Amino acid sequence: LSQAICANDAARVEQLLRLGVSPFDTWYIVYHQADPEVYGEDDTTSPLIEATLRGFAEVVKTLLLHGASPSHTDVINNTALHWAIATCHWNCLMLLLNHGSPLEAANYRLRTPLMQAAFYGHERVVQHLIDRGAKVDRPLNGNKESALTISCEMGDVDITKILLNVGNRSHDQGRQLYIALSRAAFLGHIEVVQLLLAQGAEVNRCEDDIEAPIFAAVSRGHSGILKLLIAHHGNIEERNKMGYTPLMLATQLGAEAMVTELIDAGANIDAVANNGRETALLIARTHGQWDVEKVILAALARSRHS
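Quick note: the sequence shown, position 183, residue 183 per full-length UniProt numbering, numbers continuous.
Have a look at this one:
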């Protein structure tokens with residue numbers, strides 16, 4: 001059976017199944033193009049998963065008609081549907097859905113098919129899965145992920161719009177939006193940040209295990225996103241785990257434009273880090289950020305004469 005599937009020989013597959021070969025047989029193969037660190041050298045799989053991986057729609061159809069289960073998973077908990085999405089085999093995907101492939105099955109990364117589609121940027125698949133009943137309002141998984149956080153992390157504006165338009169009634173909706181905002185800010189996806197802010201994502205939500213969006217933007221030098229967050233009342237005196245304010249972090253990184261932006265927004269130049277010693281000026285001098293030092297000294301001079 002495995003040889004017939006690898007050869008995309010649907011007629012031979014049909015013949016073997018009629019002779020009593022089981023479509024449920026687990027088989028061992030060597031993936032010639034697979035990453036051995038992910039799969040190993042002889043992982044278990046199934047005829048249906050193998051046919052789906054290769055995009056052999058007629059073979060997939062034959063196996064399903066003979067009772068192959070679309071719920072079967074491989075060693076990393078991917079169903080055939082997960083693989084159809086990852087490999088973008090639309091015809092296989094449709095066959096699997098029409099035969100009841102589970103929409104909420106989670107793989108080894110705790111991702112459902114909808115989350116998988118968001119990760120790979122398959123807008124058409126995302127919309128179709130939602131139309132078929134895939135849940136957009138699932139709680140965050142153990143990796144603090146949802147379809148929305150993944151699409152935002154990938155910077156996919158169109159998929160993010162789809163997911164936001166569907167709505168989310170989960171108990172952790174606010175947390176999902178905040179995590180999505182933090183990740184989009186960190187990766188510089190300004191259009192996604194705009195969408196999330198328009199949707200009501202909280203800029204100053206308190207989440208100890210999530211980097212505040214304003215620090216996420218500063219840490220990667222995304223001045224445009226910093227401006228957006230400030231415009232939406234981002235807390236410019238927020239403290240990170242080091243006890244720094246955004247101004248202190250921008251100073252340490254030598255981000256002159258962001259230092260100027262924060263000072264113009266009213267950031268406290270005289271603020272002292274939680275260690276009780278460092279100010280933005282001392283940080284600039286310690287790290288040799290001489291251009292930033294000039295900006296801070298000029299701001300201090302203005303404040304002394306105001």
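Ideal Cβ positions, reconstructed from N, Cα and C, are used throughout, including at glycine.
Note that this is a predicted model, so its numbers are computed, not measured.
Start and end residues, alpha helix (DSSP H) containing residue i
i: Ser219; result: Pro213 to Ser219
i: Cys152; result: Ala147 to Met154
i: Met248; result: Pro246 to Leu253
i: Thr279; result: Taken as a continuous stretch (DSSP letters only), Thr279 belongs to no alpha helix (DSSP H), as it is neither H nor E.
i: Ala301; result: Trp290 to Arg304
i: Asp131; result: Glu123 to Asp131
i: Ala134; result: Looking at the DSSP string, Ala134 is not in any alpha helix (DSSP H), and its letter there is neither H nor E.
Between the CA atoms of residue j and residue i - distance to the nearest angstrom
i: Thr245; j: Ile49; result: 51 Å
i: Asn188; j: His222; result: Checking the sequence shown, residue 188 turns out to be Gly, not Asn. C-alpha separation (whole angstroms): 6 Å.
i: Met154; j: Thr45; result: 29 Å
i: Gln199; j: Gly142; result: 24 Å
i: Ile263; j: Ala117; result: 42 Å
i: Ile179; j: Ala299; result: 34 Å
i: Tyr39; j: Thr79; result: The predicted model places Tyr39 with a pLDDT of 27, which falls under 50 and marks its position as unreliable; any figure quoted below should be read in that light. Their backbone Cα atoms lie some 15 Å apart in a straight line.
i: Ile236; j: Asp156; result: 28 Å
i: Met115; j: Asn204; result: 26 Å
i: Tyr31; j: Gly55; result: Because the pLDDT at Tyr31 is just 37, under 50, the model does not fix this residue reliably, and the value given afterwards should be weighed accordingly. Going from the Cα of Tyr31 to the Cα of Gly55 covers about 15 Å.
i: Ser146; j: Arg302; result: 47 Å
DSSP bridge partner residues for residue i (one or two, in chain order)
i: Thr79; result: Thr73
Helix, strand or coil at residue i according to DSSP, with G and I counted as helix
i: Thr87; result: coil
i: Asn235; result: coil
i: Pro139; result: coil
i: Thr112; result: coil
i: Asp264; result: helix
i: Arg169; result: coil
i: Gln199; result: coil
Beta-carbon proximity check, residue i vs residue j, cutoff 8 Å
i: Glu238; j: Ala257; result: no
i: Pro70; j: His89; result: no
i: Gly243; j: Ala273; result: yes
i: Gln176; j: Leu148; result: yes
i: Pro47; j: Leu65; result: no
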